[in-house]
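Everything below concerns the one structure shown next.
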Amino acid sequence: MPARIPHVPAWFIAFASAALVLAACQNQGGTSGSPGASAPASAGATESAAANEPNELTVLEWSGYEAPDFWTDFKTASPDTAVDFEFGISDADILSLMEGGSAADIFHFYTGWQQFYVDEGLVQEIDTSKLTNWDKVPDAFKAMGQVNGKQYYLPWDWGFTSILYNTSKVSGTIDTWNALFNQSYAGHISMWDDGPAAVTVSSYIHNYDETKITADQLAAIEAEWKLQKPLNLHYWTGEYTDFCPEVQSGDIWVAYAWQGCYATVLYDQSQPVAYANPKEGRNSWVGLYGISANTESYDLALKFLDAKLAALTCGNAVTLFYYGCANQEVMNAIEDPVLIQAFGIDDPSILESTNFTPPVTQKQRDDWTAMWARVKAE
Amino acid sequence: MLGRRGSLWFLAVPPYLWLIALFLMPLGVVAAISLLPGSGRIDFSGGWPSLNQYQQVLETPAYLRRLGISVGMAFVIAASATILAYPIAYFLAFRARQRATIFLVLLLVPFASSYLLRVMAWKLLLGREGAINWVLTSVGLVKEPVGLLVYSQAAVVITLVYVWIPFAALPIYAALQRVDRSHLEAAADLGAGPWTRFGRITIPLSLPGVLATFFMVFIPTVGEYVTPSLVGGIDGLMYGNLIQDFFTRAGNWPLGSAMAVLMLLAVLILVTLALRLVDLRRVAP
Amino acid sequence: MSAGSEVRRPSSAVGVGRTRVPLGLAYALMIVFLYLPIGVLFVFSFSTNKNLRFPIQGYTIDWYAQIFQNEQLLTAARNSLVVGFLAATVATGLGLAAGIAVVRFRFAGRGLLLALAGAPLVVPFIMLAVALFLLFNLLDVPRSLVTIAAGHSVIALPYAALILLSRLIGLDPALEDAAMDLGASYPTTLRRIVIPLLGPSLLSAWLTCFIVSFDEVALAVFLAGRDQTFPVFLYGQLRFAQTLPVMIAMAVLLMVGTVALTLVAFAIRSRSE
Numbered sequence: 031m032p033a034r035i036p037h038v039p040a041w042f043i044a045f046a047s048a049a050l051v052l053a054a055c056q057n058q059g060g061t062s063g064s065p066g067a068s069a070p071a072s073a074g075a076t077e078s079a080a081a082n083e084p085n086e087l088t089v090l091e092w093s094g095y096e097a098p099d100f101w102t103d104f105k106t107a108s109p110d111t112a113v114d115f116e117f118g119i120s121d122a123d124i125l126s127l128m129e130g131g132s133a134a135d136i137f138h139f140y141t142g143w144q145q146f147y148v149d150e151g152l153v154q155e156i157d158t159s160k161l162t163n164w165d166k167v168p169d170a171f172k173a174m175g176q177v178n179g180k181q182y183y184l185p186w187d188w189g190f191t192s193i194l195y196n197t198s199k200v201s202g203t204i205d206t207w208n209a210l211f212n213q214s215y216a217g218h219i220s221m222w223d224d225g226p227a228a229v230t231v232s233s234y235i236h237n238y239d240e241t242k243i244t245a246d247q248l249a250a251i252e253a254e255w256k257l258q259k260p261l262n263l264h265y266w267t268g269e270y271t272d273f274c275p276e277v278q279s280g281d282i283w284v285a286y287a288w289q290g291c292y293a294t295v296l297y298d299q300s301q302p303v304a305y306a307n308p309k310e311g312r313n314s315w316v317g318l319y320g321i322s323a324n325t326e327s328y329d330l331a332l333k334f335l336d337a338k339l340a341a342l343t344c345g346n347a348v349t350l351f352y353y354g355c356a357n358q359e360v361m362n363a364i365e366d367p368v369l370i371q372a373f374g375i376d377d378p379s380i381l382e383s384t385n386f387t388p389p390v391t392q393k394q395r396d397d398w399t400a401m402w403a404r405v406k407a408e
Numbered sequence: 160m161l162g163r164r165g166s167l168w169f170l171a172v173p174p175y176l177w178l179i180a181l182f183l184m185p186l187g188v189v190a191a192i193s194l195l196p197g198s199g200r201i202d203f204s205g206g207w208p209s210l211n212q213y214q215q216v217l218e219t220p221a222y223l224r225r226l227g228i229s230v231g232m233a234f235v236i237a238a239s240a241t242i243l244a245y246p247i248a249y250f251l252a253f254r255a256r257q258r259a260t261i262f263l264v265l266l267l268v269p270f271a272s273s274y275l276l277r278v279m280a281w282k283l284l285l286g287r288e289g290a291i292n293w294v295l296t297s298v299g300l301v302k303e304p305v306g307l308l309v310y311s312q313a314a315v316v317i318t319l320v321y322v323w324i325p326f327a328a329l330p331i332y333a334a335l336q337r338v339d340r341s342h343l344e345a346a347a348d349l350g351a352g353p354w355t356r357f358g359r360i361t362i363p364l365s366l367p368g369v370l371a372t373f374f375m376v377f378i379p380t381v382g383e384y385v386t387p388s389l390v391g392g393i394d395g396l397m398y399g400n401l402i403q404d405f406f407t408r409a410g411n412w413p414l415g416s417a418m419a420v421l422m423l424l425a426v427l428i429l430v431t432l433a434l435r436l437v438d439l440r441r442v443a444p
Numbered sequence: 002m003s004a005g006s007e008v009r010r011p012s013s014a015v016g017v018g019r020t021r022v023p024l025g026l027a028y029a030l031m032i033v034f035l036y037l038p039i040g041v042l043f044v045f046s047f048s049t050n051k052n053l054r055f056p057i058q059g060y061t062i063d064w065y066a067q068i069f070q071n072e073q074l075l076t077a078a079r080n081s082l083v084v085g086f087l088a089a090t091v092a093t094g095l096g097l098a099a100g101i102a103v104v105r106f107r108f109a110g111r112g113l114l115l116a117l118a119g120a121p122l123v124v125p126f127i128m129l130a131v132a133l134f135l136l137f138n139l140l141d142v143p144r145s146l147v148t149i150a151a152g153h154s155v156i157a158l159p160y161a162a163l164i165l166l167s168r169l170i171g172l173d174p175a176l177e178d179a180a181m182d183l184g185a186s187y188p189t190t191l192r193r194i195v196i197p198l199l200g201p202s203l204l205s206a207w208l209t210c211f212i213v214s215f216d217e218v219a220l221a222v223f224l225a226g227r228d229q230t231f232p233v234f235l236y237g238q239l240r241f242a243q244t245l246p247v248m249i250a251m252a253v254l255l256m257v258g259t260v261a262l263t264l265v266a267f268a269i270r271s272r273s274e
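Protein chains in written order, with the numbering used here: chain A, 31 to 408; chain B, 160 to 444; chain C, 2 to 274.
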């Protein structure tokens with residue numbers, strides 16, 4: 031006996047679908063982030079920066095950062111400004127979206143991609159004289175945001191990359207990046223799944239100039255990472271999805287890692303861990319904000335970026351996400367011993383011995399990612 | 160009053176238009192991109208068209224090996240999923256019958272939660288501190304917890320078969336509904352035993368569903384990348400991971416597109432060959 | 002009853018007769034394996050644990066409470082439901098149309114339509130995502146939940162088509178002929194005879210399409226405007242350690258919600274019979 035379905039009139043289905051489509055389209059106006067109202071711009075806003083600028087901002091952000099905690103100072107100072115967010119999930123995404131004509135006024139990406147936006151005229155210089163929090167940013171971070179001597183980007187979040195290791199499984203202290211190639215940890219190593227990162231590690235070990243890797247050097251790098259491959263448990267991609275859980279369970283003993291998992295494991299004490307200070311120096315990556323060259327809200331964007339560096343907003347990145355913040359006053363004011371240890375705040379020279387990720391050209395990116403694809407595909 | 164032939168327009172034209180606009184045209188865009196000489200900003204003025212990207216792919220044996228491995232894995236996964244799904248579909252069609260819908264829905268509902276989280280939960284169960292190891296160590300079979308049972312090529316195959324079975328059951332179930340009770344009753348009355356009835360009537364009648372299932376699983380699995388990245392470790396990598404990396408990590412769309420086009424061609428050729436082996440006319444009216 | 006037949010009248014054991022293959026067991030095992038990880042997530046959603054590790058430290062319903070305070074999370078979930086509904090409905094409708102056309106009619110582009118309907122299966126989602134992104138860019142189509150739904154409907158269509166085709170092939174055309182002989186127009190025949198007969202297959206197709214859309218990330222990122230879908234949101238949140246428990250609670254809630262909705266739909270259906 032064939033099952034019967036209720037006789038739903040066709041007009042009902044058509045009506046319901048049309049209603050849904052309308053609902054979906056409506057949402058383009060106001061979304062998460064706008065202060066309660068669904069209208070994109072409120073007439074007669076009193077807090078707008080310039081009289082002839084629209085009182086709204088669009089920020090191209092990484093999913094997670096649209097939470098009000100990460101722009102709370104701006105929200106307090108300019109409650110009438112509507113802030114909308116567009117999202118990307120990787121640096122390549124963000125660049126594609128900007129190249130594709132995104133209407134975002136501000137965009138956020140990480141070191142290694144600085145010059146692409148400059149080359150394609152997608153970003154304009156930041157007038158640092160208008161930023162009240164600029165003097166709290168260490169010079170090393172300011173330099174990260176410069177291309178050809180011009181300040182195009184504002185550094186905001188940052189972190190270290192180093193070797194995270196389990197002290198109960200590793201004898202002695204790890205003080206070199208070469209530990210990732212150590213046979214005695216076979217099956218318990220994990221490298222981040224990223225070609226440029228592999229090139230970076232090799233360049234630290236062999237003292238290559240990261241900005242001028244030759245074809246011979248790249249071939250040597252490819253060969254050594256192919257040899258290293260069987261030593262890994264896996265190449266990790268998501269810090270808290272397939273990396274930190276394995277560190278906590280004791281399956282990973284030695285890994286290329288950011289400080290977030292280190293802080294997490296220090297907090298929950300699941301394993302005794304240490305975060306290396308390799309003789310070649312740690313690596314640091316920095317999150318940068320740029321103002322779109324096509325924005326109509328330049329001054330408003332500047333206000334937004336300035337507010338990003340404010341104590342509360344910047345501090346939230348530290349306490350909520352275990353990321354570093356470019357406002358050095360905020361970093362110095364940290365009292366949590368776990369975070370102090372994670373960021374090496376009690377070691378004032380740490381930033382000096384740290385290697386910051388340099389910008390990478392398109393050709394280098396292509397060569398290095400192809401190299402890594404060959405290593406993985408072997 | 161709309162006649163039968165006239166209705167054909169309303170039936171055939173909308174899917175055609177939709178697919179041409181939202182599938183063929185984008186595919187054309189991808190093919191065009193794959194003919195770009197270099198990566199970086201999409202710019203068709205300099206040196207287009209060029210076979211650079213295809214050359215790069217074809218000159219890297221490792222990529223082609225991975226494509227071959229992926230095809231092999233996809234075949235095993237599709238065959239296993241189809242075979243294992245058959246009893247489920249059979250259950251739905253013949254044992255559950257009136258209640259089949261609710262049983263079916265129960266099968267599909269877990270997929271309405273996040274796949275990523277479910278895999279993480281499985282890793283917990285199978286991991287060092289998980290349930291399996293707890294059983295093994297308390298029973299005394301092993302002294303130390305066994306290291307992660309995941310992160311291998313086998314893990315990818317098992318996971319994908321597991322994930323595909325509920326969906327694989329659907330076309331088979333749909334086809335099994337065509338098996339008329341009266342055929343089977345007549346056969347039984349004529350003295351055919353249950354397995355004979357199954358082999359001579361049920362299986363042939365359900366063949367369209369079985370074939371549909373096999374291809375439905377095989378085709379997308381060749382380009383699969385999510386599961387290999389979650390449980391594949393270093394040797395469970397599939398061709399789709401390479402494509403994914405070129406698109407989202409490297410921002411190298413032309414190379415990724417070329418790799419995808421090659422995969423498309425490979426699958427097309429394989430499917431065409433397979434369909435030659437199976438005479439569709441015997442299966443459809 | 003034919004002479005000499007010892008076979009039980011195959012009324013409840015059709016197709017298997019005396020050999021009772023434990024099909025129910027196969028189904029039950031599948032259900033157990035499917036719901037085991039869900040069970041784990043369910044347990045953890047009520048634990049005070051900050052991460053997915055045993056032992057359970059304590060119990061709380063805080064995470065569920067936090068869901069309802071998290072505006073972005075709720076919006077993302079709602080967006081996913083809207084997109085899923087649209088994509089599934091369009092894909093199922095088009096799959097049905099294409100299926101009927103291919104199975105019941107002979108026309109010039111028949112084979113091509115079948116191939117086209119199945120073709121999106123071959124293409125990796127990321128590739129279609131990039132392609133549609135560029136296409137929409139070129140045509141100045143603003144990205145929104147509708148564009149995501151459009152993309153999802155394309156990738157879901159093959160599933161709908163395959164499921165419905167399997168069922169349609171077995172459908173006796175005599176039923177439609179009879180209806181038309183009695184004076185019904187073809188559209189009425191489709192509406193009153195064919196579609197009801199397809200019943201559970203339509204539901205399977207729709208549900209499959211919904212699920213394909215619901216957990217999809219690549220297209221959802223590239224074709225999104227201002228609105229995130231839940232998997233994109235989840236992906237972003239999982240970059241950070243502290244957000245895991247709330248996300249687990251949400252995933253469980255969404256699943257439970259889906260079950261509840263389908264049970265309600267089923268109840269309504271039974272009542273209307």
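Beta carbons are placed, not taken as given, at the ideal position from N, Cα and C, and that holds for glycine.
- ALA347(A) places its beta carbon less than 8 Å from that of PHE100(A).
- As for any alpha helix (DSSP H) of minimum length 4 sitting wholly inside the stretch 301 to 368 of chain B, the runs are 312 to 335, 340 to 348, 353 to 356, ordered along the chain.
- In summary, GLU218(B) is exposed, with fewer than 16 beta-carbon neighbours lying within 10 Å of its beta-carbon over all protein chains present.
- Taking ARG192(C) as reference, the option from SER205(C), TRP207(C), LEU176(C), ALA206(C) with the minimal CA-CA separation is LEU176(C).
- Annotated three-state conformation of SER205(C) is helix, per DSSP.
- For MET221(A), the enclosing beta strand (DSSP E) stretches over residues 219 to 222.
- For GLY345(A) and MET361(A), the gap between their C-alpha atoms comes out near 8 Å.
- Rounded to whole angstroms, GLY119(C) and ALA161(C) show a C-alpha spacing of 10 Å.
- One alpha carbon belongs to LEU135(C), the other to GLY130(A), and they sit about 7 Å apart.
- Of the other Cβ atoms in all chains shown, 16 or more fall within 10 Å of the Cβ of LEU414(B); this residue is therefore buried.
- Residues PHE262 of the same chain have their beta carbon placed closer than 7 Å to that of ALA255(B), with the five preceding and five following residues left out of the count.
- For TYR236(C), the chain A residues whose Cβ falls inside 7 Å of its Cβ are SER93, ILE119, in order along the chain.
- Cα atoms of LEU42(C) and GLY320(A): separation of roughly 39 Å, rounded to the nearest angstrom.
- GLU91(A) counts as buried, since at least 16 other C-beta atoms from the protein chains shown sit within 10 angstroms of its C-beta.
- DSSP, reduced to helix, strand and coil, places GLU116(A) within a strand of the structure shown.
- Below the 9 Å Cβ cutoff, chain A contributes SER93, PHE117, ILE119 as neighbours of VAL233(C), in chain order.
- Three or more Cβ pairs closer than 8 Å define a contact, and the stretch 215 to 224 of chain A falls short of that threshold against the stretch 319 to 335 of chain A.
- Separation of the CB atoms of SER365(B) and LEU401(B) is rounded to 37 Å, and the pair is thereby denied contact status at 8 Å.
- Each residue's CA atom was taken as its position, placing ALA170(A) and LEU381(A) some 8 Å apart.
- Sequence-distant partners of LEU87(C) (beyond 5 residues in either direction) whose C-beta falls short of 6 Å from its own C-beta, in its chain, are ALA150.
- Any Cβ of chain C closer than 8 Å to the Cβ of THR260(B) would place that residue at the interface, and such an atom is present.
- LEU129(C) sits buried, since 16 or more C-beta atoms from the chains shown fall within 10 Å of its C-beta.
- The criterion of a C-beta distance shorter than 8 Å is satisfied by ALA233(B) and PHE377(B).
- Rounded to the nearest whole angstrom, the C-alpha separation of LYS393(A) and ASP121(A) is 16 Å.
- Per DSSP, reduced to three states, the secondary structure at GLY59(C) is coil, with no helix or strand assignment.
- A residue is called buried once 16 or more other Cβ atoms fall within 10 Å of its Cβ, and ARG168(C) is buried on that count.
- Shown in chain order are the members of the stretch 224 to 242 of chain A whose Cβ falls below 8 Å from a Cβ of chain B: ASP224, GLY225.
- Residues of the same chain with a CB within less than 6 Å of the CB of ALA219(C), apart from the 5 flanking positions on each side, are PHE126, ILE127, ALA130 in chain order.
- Taking a C-beta cut-off of 8 Å against chain B, the contacting residues of the stretch 54 to 77 of chain C are ARG54, PHE55, listed in chain order.
- By the C-beta density criterion, TRP315(A) is buried, having at least 16 other C-beta atoms within 10 angstroms.
- Against chain A, the CB of VAL155(C) has no partner CB under 8 Å away; the residue lies outside that interface.
- Distance check between ALA216(A) and each of ASP224(A), ASP205(A), VAL231(A), VAL200(A) places VAL200(A) closest, using alpha-carbon atoms only.
- At a cut-off of 8 Å, the C-beta of GLU96(A) has a neighbouring C-beta in chain C.
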